[in-house]
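Residue numbers (the numbering used here), protein chains in the order written: chain V, 105 to 286; chain B, 6 to 174; chain Z, 238 to 536; chain P, 157 to 521.
Working notes for the structure below.
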Amino acid sequence: MSLDVEESIKQDIDLRLKDIAKCEIQRERRLKLYTGKDRVIPVLGFLKSYGFIHLAAISCVDWLDDGEFEIVYNLWSYRDKAGILVKTRISRENPEIDTAIPIYEIAETYEREIHEMFGVNFPGNPNLTSLFLEDWNGPPPMRKDFDTRKYAAEKYGMRDLTEQLKIGMDKIKGVRDGDEIL
Amino acid sequence: MGLFKFSRSRSLWMMHFCTGCGAIEMPPTMTSRYDMERFGIIPMATPRQSDLLLVTGYLTVKTLKRVVRSYEQMAEPKYVIAFGSCTMRGGMYWDSYNTVKELDLYIPVDIYINGCMPRPEAIIDAFIKLRDMIDKGEANAWKNYRDNLDWYKQNQAKVFDINKWSAKI
Amino acid sequence: MAIIIKILEYILIAFGVAILGLIYGGIGRKITARIQNRYGPPFYQNILDVLKLFGKRNEASHGVMFDLGPVIALTGILTSLMFLPLGSSTPLISFEGDIFVLFYLLVVSPLGMALGAGEGANPNATIGIARGLTMMLGYELVLFVSIIPLMIHYDTASFYKLVQMQGTFPNWNFFPFFLSAFAGLIALQGMMGLQPFDVVVAPHEIASGPMVEYSGRFLGLLQLWHAIAVIVETGIIADAFLGNGGAGWFILKTFSLFMIVIMVAAIFPRFRIGQAVKFYWKYPLIIGLLGFLVLFIWR
Amino acid sequence: MRYFEYFVGPQHVGVTGNMSYHLWADGDEIKKMITSVGYLHRGFEKLMEYREWVKNVPMVPRICVPEPDVNEVLYAMGVEELSGLVPSERAQYIRVLVLEMARLSAFLFYFAGAAGALGLYTIPQWTIGDRDYILDRFEELTGGRAYHIYTTPGGVRRDLPDGFKSRVQETMNYLKKRLIDYDRLMFENAIIVKRTKGIGIIEKDYAMNMGVTGPNLRASGIKADVRKDDHYLVYDKLDFDVPVVGDGDIFSRIMQRRLEFDESIKIIEQVLEMMPDGGFIEKLPNPIEWKVPAGDVYVKLESSKGEFGYYIVSNGEEKPYRIHVRGPSYTHGIQVAQEKIVGMRIADVAPFLFSLDVCPPDIER
Chain V
105 MSLDVEESIK
115 QDIDLRLKDI
125 AKCEIQRERR
135 LKLYTGKDRV
145 IPVLGFLKSY
155 GFIHLAAISC
165 VDWLDDGEFE
175 IVYNLWSYRD
185 KAGILVKTRI
195 SRENPEIDTA
205 IPIYEIAETY
215 EREIHEMFGV
225 NFPGNPNLTS
235 LFLEDWNGPP
245 PMRKDFDTRK
255 YAAEKYGMRD
265 LTEQLKIGMD
275 KIKGVRDGDE
285 IL
Chain B
6 MGLFKFSRSR
16 SLWMMHFCTG
26 CGAIEMPPTM
36 TSRYDMERFG
46 IIPMATPRQS
56 DLLLVTGYLT
66 VKTLKRVVRS
76 YEQMAEPKYV
86 IAFGSCTMRG
96 GMYWDSYNTV
106 KELDLYIPVD
116 IYINGCMPRP
126 EAIIDAFIKL
136 RDMIDKGEAN
146 AWKNYRDNLD
156 WYKQNQAKVF
166 DINKWSAKI
Chain Z
238 MAIIIKILEY
248 ILIAFGVAIL
258 GLIYGGIGRK
268 ITARIQNRYG
278 PPFYQNILDV
288 LKLFGKRNEA
298 SHGVMFDLGP
308 VIALTGILTS
318 LMFLPLGSST
328 PLISFEGDIF
338 VLFYLLVVSP
348 LGMALGAGEG
358 ANPNATIGIA
368 RGLTMMLGYE
378 LVLFVSIIPL
388 MIHYDTASFY
398 KLVQMQGTFP
408 NWNFFPFFLS
418 AFAGLIALQG
428 MMGLQPFDVV
438 VAPHEIASGP
448 MVEYSGRFLG
458 LLQLWHAIAV
468 IVETGIIADA
478 FLGNGGAGWF
488 ILKTFSLFMI
498 VIMVAAIFPR
508 FRIGQAVKFY
518 WKYPLIIGLL
528 GFLVLFIWR
Chain P
157 MRYFEYFVGP
167 QHVGVTGNMS
177 YHLWADGDEI
187 KKMITSVGYL
197 HRGFEKLMEY
207 REWVKNVPMV
217 PRICVPEPDV
227 NEVLYAMGVE
237 ELSGLVPSER
247 AQYIRVLVLE
257 MARLSAFLFY
267 FAGAAGALGL
277 YTIPQWTIGD
287 RDYILDRFEE
297 LTGGRAYHIY
307 TTPGGVRRDL
317 PDGFKSRVQE
327 TMNYLKKRLI
337 DYDRLMFENA
347 IIVKRTKGIG
357 IIEKDYAMNM
367 GVTGPNLRAS
377 GIKADVRKDD
387 HYLVYDKLDF
397 DVPVVGDGDI
407 FSRIMQRRLE
417 FDESIKIIEQ
427 VLEMMPDGGF
437 IEKLPNPIEW
447 KVPAGDVYVK
457 LESSKGEFGY
467 YIVSNGEEKP
477 YRIHVRGPSY
487 THGIQVAQEK
497 IVGMRIADVA
507 PFLFSLDVCP
517 PDIER
């Protein structure tokens, strides 16, 4: 397999975004691009004009140990048939990154979700209301320090069924020992 | 009175509310292969007209509010069939932060169907069981709700703000 | 004395017609089911449904008018039943001009429904009412246009006389006035509120429309209204175009018409309300107007 | 100006699942809509972080209910790419077979929904009844009707049963026969054409900018298919067309699926013919202690609704660090529907939403 298309994309990106972004080829039809928090919008603007018109998703990864959130913009070019992951890191203390709506209109919903699930703020996004959760009172649930098991046990506490289980187990045992006719 | 009871068990109108993934086995049950209209069960568009609520799978808190509200709008006598493991003890989502685990804490349940997800045969079996239960006068979960309203409301209040979300009976 | 017997007779007829209408509905469901490759409910299913609805413990009420709505609807259709000759039998009330009264009375039921559902204040019901009344503009016109040639031809406005003068099999109005009959049949489809004209209930759009808030006994009354309406509506077409005859023939004719309507409904999707009314004002109306030509040719 | 407020869902026949729309209408014309999703949010992405790599296999199919196999295959593809496993060719062919059968069953579901929304209640009865024959084949192959949990990282769980190929071929022949009836009743029905032509148009450029994918994008006139562009499994060895209808209205979206239905049958027949012999699963490490090497990967494939994608991040532990699921309905279910529904009639809301094939569980996960 040849990586001609990927190489040429990398060359173009390196040429245009030499100082602000680092590009690497992951595999066939997949590239990665690392950039700084403040440079994301110009980088995305360039990539869109380059042909990456399809924003497939915006993901967020919580790197708890590093104290950072990683925002991953997932782009695809219908012309070159290649995808690129644009990654940037923002601090966990004050998570804030400019909205990508001016470039990709569809970013609105993705940013809304990340705002709700991670508590990342997107200045410029007019619609940062809750998307999936309603009357949510806990911390943003997708953060690594949110323990869903503890939260679920506290909120939805299940009934203790050990007694019933014991009765059931005794029945099974009785059947096994031949006390009861099957 | 016997005639009313007979007709009650043979004409169950179910509410068209797909609350979870169990809803994927409802269309086959409704349509030509399994055809539940044989038993007089047809989907109805609104809670007012329906007798049977099918909780098809896990309920998120957001859906639970709507389910409770829809359930309270149904005219008595009304019956509830809950689908799948996730309505019993949380099933696959036992540690999820957004789904309720035991459904009968919040609304009364006549019949649980186990499995993930129940096959159409299991669903039809549940319908037949419910029919027998109504004939024998055992399907009384709705009376239970009426009698123990405080207990149910108390449980609902643990999960959401009932003053905001649930109608007063 | 005679009047008491007549009233008793009428009550019996009304009861019988209601049961008959429910059984038609059940058989209709069965036929639809067979078209759809399935077994279908028993033919008495609709009777069970109504019984169940009357056996409900409580129902929601939104005020006096809301409760009265179904009653008005049922009264309207029962009154129109008084004017309808069931085959060759004399209707309870018959006078010169009763066709107009019958047509007026047919509007009472939807209006009663509209008044009742309107008080429910459910947006779905409101849209459903608006659609129902608009729909009436479509099919009523066509129905009238299809009946008028008969009235001119027999020179009477009494339904009973019209049916009597028409005679039995080879003398059916259907043969000379087949264009009018065809228009009437299309109007029947709309009157019964079935596809492609089921815009009023349209579950996918407005969740069963005007009936959205009704439950229990009120819904039961509405079901009864529907059952009687089936007989009255098919009865009008059967009487006007398919000759007179005994009660057995009447049942056979209305049932055949009902079957045609049900089968057409099974294979058509739904019009948008605008399209439905436009459709009525175009093809069936033109066909109905062409029906007038028969008057000039035949006479 | 005060508008008429009107709710569609979550308890409503006219929604494509458990979601709701808040509409403002002026007479019969929609002026504004707000989508409300989240009724099915189970927090899959969080739950997957708490489970071992193998334990997630039965978890993922629950994400998209009408077409669960895409999730299994995607998850397997992602884990394989991270850990350097390559499934045997036979396993890849079986995966294609499963995917295409799932696509057919999802399309039959789609026809049922679209016809039901238009009031043609015979088609749902037929298509969903016929879909059961595909489910029968699935049951024979995997043991499950709805959720199959058949594809695992490294291959598939078991080999094809004896005589399976001929029975799949029989099912395909039956479906081909039935399609004639469907065509007559639905796709050539004058009223359906009248109801759906020119309504709910999604323009080409708009669709591309809003991230609409799959059949909806092709119905708008762009020839893009993940199976061709980002070919995975053995799709590059198979011969099939990508039909493009191109008008972007409701009718073309329905027709798009109808044409792709034929292509999927074609693919299945080819797969049955070309399937090589060989093993069906690679040797896997001890599943409890399986540590997938650190790294991140975005895998995607073409589902019946559009581009389904998994972004999987591993930090070299027993459990995934983060999995982001890109559901195809995410774009057209929320923003596109919200913007394009303005100006439509109330009667067209349900057909429009059903024609877009919005699947709430893959939006909300």
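We put the CB at the ideal spot given by N, CA and C, even for glycine.
Assigned exposure category for residue i - 16 Cβ within 10 Å defines buried
{"i": "PHE173 of chain V", "result": "buried"}
{"i": "ASP435 of chain Z", "result": "buried"}
{"i": "MET262 of chain V", "result": "exposed"}
{"i": "ASN168 of chain B", "result": "exposed"}
{"i": "GLY453 of chain Z", "result": "buried"}
{"i": "GLN167 of chain P", "result": "buried"}
{"i": "GLU236 of chain P", "result": "buried"}
{"i": "LYS173 of chain B", "result": "Here the model assigns LYS173 of chain B a pLDDT of 49, short of 50, so the residue's position is not dependable and the matter cannot be decided."}
{"i": "VAL301 of chain Z", "result": "exposed"}
{"i": "THR369 of chain P", "result": "buried"}
{"i": "ASN442 of chain P", "result": "exposed"}
{"i": "ALA186 of chain V", "result": "buried"}
{"i": "ARG271 of chain Z", "result": "exposed"}
Residues that residue i bridges to, as DSSP identifies them
{"i": "TRP147 of chain B", "result": "Answer by DSSP bridge pairing: none, since TRP147 of chain B is not bridged."}
{"i": "THR139 of chain V", "result": "V:ALA125"}
{"i": "ARG131 of chain V", "result": "V:ARG134"}
{"i": "HIS480 of chain P", "result": "P:TYR467"}
{"i": "ARG501 of chain P", "result": "P:GLU185"}
{"i": "ASN225 of chain V", "result": "V:GLU200"}
{"i": "VAL400 of chain Z", "result": "Its beta-bridge partners do not exist; DSSP assigns none."}
{"i": "GLU160 of chain P", "result": "First, the amino acid is wrong: residue 160 of chain P is Phe here, not Glu. BP columns for PHE160 of chain P point to P:ALA181."}
{"i": "PRO48 of chain B", "result": "B:MET19"}
{"i": "GLY311 of chain P", "result": "P:THR308, P:ILE437"}
{"i": "ARG216 of chain V", "result": "Note: ARG216 of chain V sits in no beta bridge, so no partner."}
{"i": "ILE188 of chain V", "result": "V:LEU135, V:LEU179"}
{"i": "ALA161 of chain V", "result": "V:ASN178"}
{"i": "VAL247 of chain B", "result": "Within the shown structure, residues of chain B are numbered from 6 to 174, placing residue 247 of chain B beyond reach of any answer."}
{"i": "GLY253 of chain Z", "result": "Per DSSP, none; premise fails for GLY253 of chain Z."}
Distance between beta carbons of residue j and residue i, contact taken as under 8 angstroms
{"i": "ARG313 of chain P", "j": "GLY434 of chain P", "result": "Not quite, the Cβ-Cβ distance comes to about 16 angstroms (not below 8 angstroms), so this is no contact."}
{"i": "GLU310 of chain P", "j": "GLU438 of chain P", "result": "Before going further, note that residue 310 of chain P is Gly rather than Glu in the sequence given. Contact flag correct, Cβ pair sits at about 4 angstroms."}
{"i": "VAL61 of chain B", "j": "THR24 of chain B", "result": "Note on residue identity: the sequence assigns Thr, not Val, to residue 61 of chain B. Confirmed, about 5 angstroms."}
{"i": "TYR98 of chain B", "j": "TYR63 of chain B", "result": "5 angstroms"}
{"i": "ASN481 of chain Z", "j": "GLN403 of chain Z", "result": "6 angstroms"}
{"i": "GLU192 of chain V", "j": "GLY140 of chain V", "result": "The amino acid occupying residue 192 of chain V in the given sequence is Thr; Glu does not appear at that position. About 6 angstroms separates the two Cβ atoms, so the contact holds."}
Contacts of residue i in chain A (Cβ-Cβ under 7 angstroms)
{"i": "GLY170 of chain P", "result": "The chain inventory of the structure shown lacks chain A, comprising the protein chains V, B, Z and P."}
*Count the CB pairs spanning the region 286-299 of chain P and the region 387-402 of chain P that are closer than 8 angstroms, and state whether there are at least three.*
no
_the region 376-391 of chain P in contact with the region 450-464 of chain P per 3-pair CB rule at 8 angstroms_ = yes
*Going along the chain, which residues of the region 281-293 of chain P sit with their C-beta nearer than 7 angstroms to a C-beta in chain B?*
GLN281, TRP282, ILE284, GLY285, ASP288
*Counting pairs of beta carbons, one from the region 366-386 of chain P and one from the region 316-329 of chain P, are three or more of them closer than 8 angstroms?*
no
*Quick one, which residues of the region 198-218 of chain V are near chain B if we go by CB-CB under 7 angstroms, in chain order?*
Per Cβ criterion, the list is empty.
*asked:* For the region 252-277 of chain P, list every residue whose C-beta sits within 8 angstroms of some C-beta in chain B, in sequence order.
replied: PHE265, ALA268
*Evaluate the contact criterion for the region 107-122 of chain B versus the region 79-97 of chain B: three or more CB pairs, one atom per stretch, below 8 angstroms.*
The region 107-122 of chain B makes contact with the region 79-97 of chain B; the number of CB pairs closer than 8 angstroms reaches 3 or more.
*Would the region 303-320 of chain Z and the region 330-345 of chain Z be scored as touching if the rule is three or more Cβ pairs under 8 angstroms?*
Yes, the region 303-320 of chain Z is in contact with the region 330-345 of chain Z.
*Any 3 or more C-beta pairs closer than 8 angstroms across the region 235-253 of chain P and the region 485-492 of chain P*: With the cut-off at 8 angstroms, the region 235-253 of chain P and the region 485-492 of chain P do not touch.
*Does the region 496-505 of chain P come close enough to the region 211-231 of chain P to have 3 or more Cβ pairs within less than 8 angstroms?*
no
*Does the region 160-172 of chain V come close enough to the region 110-126 of chain V to have 3 or more Cβ pairs within less than 8 angstroms?*
no
*Are three or more beta carbon pairs between the region 173-187 of chain P and the region 414-426 of chain Z nearer than 8 angstroms?*
no
*Check distances from the C-beta atoms of the region 248-276 of chain Z to those of chain P and list, in chain order, the residues that come in under 9 angstroms.*
THR269, ALA270, ILE272, GLN273, ASN274, ARG275
*Should the region 271-285 of chain P be called in touch with the region 430-448 of chain Z, which here means at least 3 C-beta pairs below 8 angstroms?*
The answer is yes - the region 430-448 of chain Z touches the region 271-285 of chain P, with three or more Cβ pairs under 8 angstroms.
*Which residues, in order along the region 85-105 of chain B, keep a beta-carbon less than 8 angstroms from a beta-carbon of chain P?*
Residues MET97, TYR98, ASP100, SER101, TYR102, ASN103, THR104.
*Going along the region 210-232 of chain P in order, which residues come within less than 8 angstroms of chain B, judged by CB to CB distance?*
PRO214, MET215, ARG218, VAL221, PRO222
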